[in-house]
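What follows is a set of notes on a single structure, which appears directly below.
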Amino acid sequence: ALYQESEGSKVKMRTTLYGKKAANLYTQAFVQNTQARALYQESEGSKVKMRTTLYGKKAANLYTQAFVQNTQARALYQESEDTYYRANDAASYDDWRRARHQWDYFYNRH
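The sequence shown lines up with residues 129 to 238 when you count with this note's numbering.
Written as structure tokens, this is what we have:
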């Protein structure tokens, strides 16, 4: 109930910020993403059943565990990549600012 309430607040906020058409598109994308996630999880359940049939319960559990760890590793990698690019952006900005201050210092001396 709280989740649906917060989603309603997000729709109102998006409508205010971006207009009704964009807010509807965001909502539509959210619904499609939720459906896709449900289908994906359903397909993962089918894969576990298939692996259990083919390889046995222990091997199927190991495949599932490996899948979860791979997903976590991918998420951590993408997060670290984002952090790297943010740090690089900040460093570039700091370099530009330092150079601008240096130029201002020498230009204004005369």
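Cβ coordinates follow ideal geometry from the N, Cα and C atoms, glycine included.
Three-way DSSP call (helix, strand, coil) for residue i in this model
i    : result
G108 : No information on residue 108 is available, as it lies outside the stretch 129 to 238 that the chain covers here.
F179 : For the sequence presented, residue 179 should be read as Arg rather than Phe. Of the three classes helix, strand and coil, the one that applies to R179 here is helix, per DSSP.
R122 : Coverage of the chain is limited to positions 129 through 238, which leaves residue 122 absent and any answer about it impossible.
G136 : helix
N189 : helix
G184 : coil
R237 : coil
Through-space distance from residue j to residue i, alpha-carbon basis
i    : j    : result
A201 : D210 : 14 Å
W231 : D222 : 14 Å
F158 : S171 : 20 Å
N117 : A215 : Because the chain is modelled from 129 through 238, residue 117 falls outside the range shown and cannot be assessed.
K140 : K149 : 12 Å
R228 : A218 : 15 Å
R225 : T144 : 35 Å
T199 : L182 : 23 Å
Y233 : Q160 : 55 Å
Y146 : Y154 : 10 Å
K185 : Y212 : 40 Å
S137 : Q169 : 27 Å
Pair within 8 Å by beta-carbon distance, residue i and residue j
i    : j    : result
A151 : R165 : no
V176 : T192 : yes
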